[in-house]
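In the numbering used here, the protein residues as written are 3 to 279.
Written below as structure tokens is the structure these notes are about.
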Amino acid sequence: MLKVDLHCHSNVSDGVLTPAGVAAYAHQAGVDVWALTDHDEIGGVAAARVAATGLGMRFVAGVEISITWANQTVHIVGLQIDETNAALKAGLAATRAGRDARGREIAAQLEAAGYPGAYEGALAYVGNPDLMSRTHFARYLVASGACANTSEVFRKFLTEGKPGYVPHRWASLTEAVGWIRAAGGIAVVAHPGRYNFSPVAEAALLDEFKQLGGTAIEVVTGSHTPDQYAIYAEVAKRNGFLASRGTDFHAPGEARVEFDKLPPLPAGVTPVWHDWY
Ligand code: AMP
Ligand code: MN
Ligand code: MN
Ligand code: MN
Numbered sequence: 003m004l005k006v007d008l009h010c011h012s013n014v015s016d017g018v019l020t021p022a023g024v025a026a027y028a029h030q031a032g033v034d035v036w037a038l039t040d041h042d043e044i045g046g047v048a049a050a051r052v053a054a055t056g057l058g059m060r061f062v063a064g065v066e067i068s069i070t071w072a073n074q075t076v077h078i079v080g081l082q083i084d085e086t087n088a089a090l091k092a093g094l095a096a097t098r099a100g101r102d103a104r105g106r107e108i109a110a111q112l113e114a115a116g117y118p119g120a121y122e123g124a125l126a127y128v129g130n131p132d133l134m135s136r137t138h139f140a141r142y143l144v145a146s147g148a149c150a151n152t153s154e155v156f157r158k159f160l161t162e163g164k165p166g167y168v169p170h171r172w173a174s175l176t177e178a179v180g181w182i183r184a185a186g187g188i189a190v191v192a193h194p195g196r197y198n199f200s201p202v203a204e205a206a207l208l209d210e211f212k213q214l215g216g217t218a219i220e221v222v223t224g225s226h227t228p229d230q231y232a233i234y235a236e237v238a239k240r241n242g243f244l245a246s247r248g249t250d251f252h253a254p255g256e257a258r259v260e261f262d263k264l265p266p267l268p269a270g271v272t273p274v275w276h277d278w279y
């Protein structure tokens with residue numbers, strides 16, 4: 003059976019390893035089919051492809067696009083994209099714009115809460131000046147001793163109602179699915195179990211996604227709890243979505259689940275890679 007990881011981050015977004023470093027990490031973990039899916043960026047895809055194919059893995063060009071839907075942030079993964087597509091590149095550049103200003107606002111809020119110097123502190127962890135992320139602030143807040151780990155950071159800071167939360171309007175669902183399809187890719191709802199939608203809102207999101215030409219959802223992901231694997235397998239079957247699988251890897255030791263602990267897709271779903279090879 004193919005070992006597939008279709009969701010990983012490099013230091014081109016908020017991971018810590020270079021694209022080639024993530025490829026090497028995935029390969030030593032036993033991955034056969036691997037996608038790099040940096041947030042709002044395809045700048046690492048070319049280097050990732052060279053490294054992955056050199057190691058004998060099958061490479062899938064990917065991206066994870068931040069969108070705002072019903073006033074919440076949702077992530078849409080694009081797989082098998084042509085990373086040279088002009089519409090996709092322009093859309094991602096527009097999505098990235100504003101991250102630096104947001105970072106400065108996050109830092110101003112943290113300073114007001116008694117944690118000065120966070121902009122410079124977070125910047126020390128940023129690998130791509132176009133992509134300052136809350137993850138970089140989280141790593142700084144851990145390193146500076148404000149919190150013991152990143153999950154404590156996201157409980158106490160950077161999220162709604164907490165210091166360092168700056169609401170941000172990302173791309174629309176229509177735009178993200180449109181860019182992915184323009185680039186010949188498959189649109190996938192990332193970690194659907196992680197959002198705080200009511201069942202009605204979740205159904206509306208999936209319905210709209212399908213109307214726009216979205217065809218897959220993540221079922222087994224490091225960003226789901228194990229009970230959500232079965233729940234979203236049912237959602238995929240009921241709605242006719244293909245099922246995707248990935249670790250959502252960001253850094254060694256930071257993993258929510260290591261690749262070899264991630265179970266296979268539940269029986270009865272159609273893997274998103276079913277017709278690729
Ligand atoms: P941003 O795109 O700048 O809003 O940052 C979002 C990133 O923060 C996600 O991709 C995750 O990597 C990270 N993140 C968000 N919530 C959590 C959490 N509860 N625990 C750990 N990482 C989180
Ligand atoms: Mn991330
Ligand atoms: Mn995500
Ligand atoms: Mn991710």
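Yeah, the Cβ is synthetic: ideal placement off N, Cα and C, and Gly gets one too.
{"Asked": "What's the gap between the Cα of A291 and the Cα of P118?", "Found": "Any answer about residue 291 is impossible in this case: the structure gives the chain only from 3 up to 279."}
{"Asked": "Could you give the first and the last residue of the continuous beta strand (DSSP E) run that contains Q82?", "Found": "No beta strand (DSSP E) contains Q82, which DSSP labels as neither H nor E."}
{"Asked": "Between A126 and D7, what straight-line distance do the alpha-carbon atoms span, to the nearest angstrom?", "Found": "29 angstroms"}
{"Asked": "Is the segment 124-141 touching the segment 49-56, taking contact as three or more C-beta pairs under 8 angstroms?", "Found": "no"}
{"Asked": "With DSSP collapsed to three states, give me the class of G215.", "Found": "coil"}
{"Asked": "Answer with buried or exposed for V202, where buried requires no fewer than 16 other C-beta atoms within 10 angstroms of its C-beta.", "Found": "exposed"}
{"Asked": "When you compare each of A120, V168, E204, G17 to A145 by their alpha carbons, which one comes out closest?", "Found": "A120"}
{"Asked": "Along the chain, where does the alpha helix (DSSP H) that runs through W181 open and close?", "Found": "175-184"}
{"Asked": "For D262, is the beta carbon positioned less than 6 angstroms from some heavy atom of ligand 6?", "Found": "In terms of ligand content, the structure shown lacks ligand 6 and carries ligand 1, ligand 2, ligand 3 and ligand 4 instead."}
{"Asked": "With a threshold of 6 angstroms, establish whether the CB of T152 neighbours any heavy atom of ligand 1.", "Found": "yes"}
{"Asked": "Any heavy atom of ligand 1 closer than 6 angstroms to the Cβ of T217?", "Found": "no"}
{"Asked": "Tell me, please, whether the segment 250-265 touches the segment 10-17 by the rule of three or more beta-carbon pairs shorter than 8 angstroms.", "Found": "yes"}
{"Asked": "Roughly how many angstroms separate the alpha carbons of A54 and F61, rounded to a whole number?", "Found": "6 angstroms"}
{"Asked": "Check whether the segment 190-198 and the segment 223-239 touch, using three or more Cβ-Cβ pairs below 8 angstroms as the test.", "Found": "yes"}
{"Asked": "Indicate whether the contact test is met: 3 or more Cβ pairs, each with one atom in the segment 25-36 and one in the segment 146-159, closer than 8 angstroms.", "Found": "no"}
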